[in-house]
Amino acid sequence: MAFLPMYQRLAELWTVMQQRQLTADEKIEMDQCLKLNAKLCWDMAYLENVSLMASLTADVEWQHEICLEIESLQLGQDKKPGR
């Protein structure tokens, strides 16, 4: 899985925070990174649950579509899960 630039920036901000307090702008940026991270985690959880449903119903085509969406999400391509 490729690292999204957001994860790199989050690591940079965390590293800076170990040495000094973040500036107001850096705090906003960290909050934005954390918000995006939470959204990505929820989107992935949704797709994993839908993938399980596809598996349980033996819907191979649907599961293939979901796997493509999971891959897109992991690569940082912006697409609504389930669509």
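Residue numbers (numbering that gives the first Met the number 0): 0 to 82.
For every residue, glycine included, the Cβ atom is placed at its ideal position computed from N, Cα and C.
Computed from a prediction, not measured in an experiment: that's the story for all the values here.
Do L72 and L39 have their beta-carbon atoms positioned less than 8 Å apart in this structure? Counted from its first residue, the sequence shown places residue 39 at position 40. Counted from its first residue, the sequence shown places residue 72 at position 73. Yes, these two residues count as a Cβ contact at 8 Å.
Buried/exposed call for I128, threshold 16 Cβ in 10 Å: Only positions 0 to 82 of the chain appear in this structure, which leaves residue 128 out of reach.
Take the Cβ of C32 as the centre, count every other Cβ of all protein chains shown within 10 Å, and call the residue buried at 16 or more, exposed below. Along the sequence shown, read from residue 1 onward, the residue named residue 32 stands at position 33. C32 should be labelled buried.
Which ranges would you report for the alpha helix (DSSP H) in the stretch 43-79 if only whole runs of at least 4 residues count? 59-73
Just tell me which of A57, L55, E47 has its CA closest to the CA of L67. Taking the first residue of the sequence shown as position 1, residue 67 is located at position 68. Considering only alpha carbons, the answer is E47.
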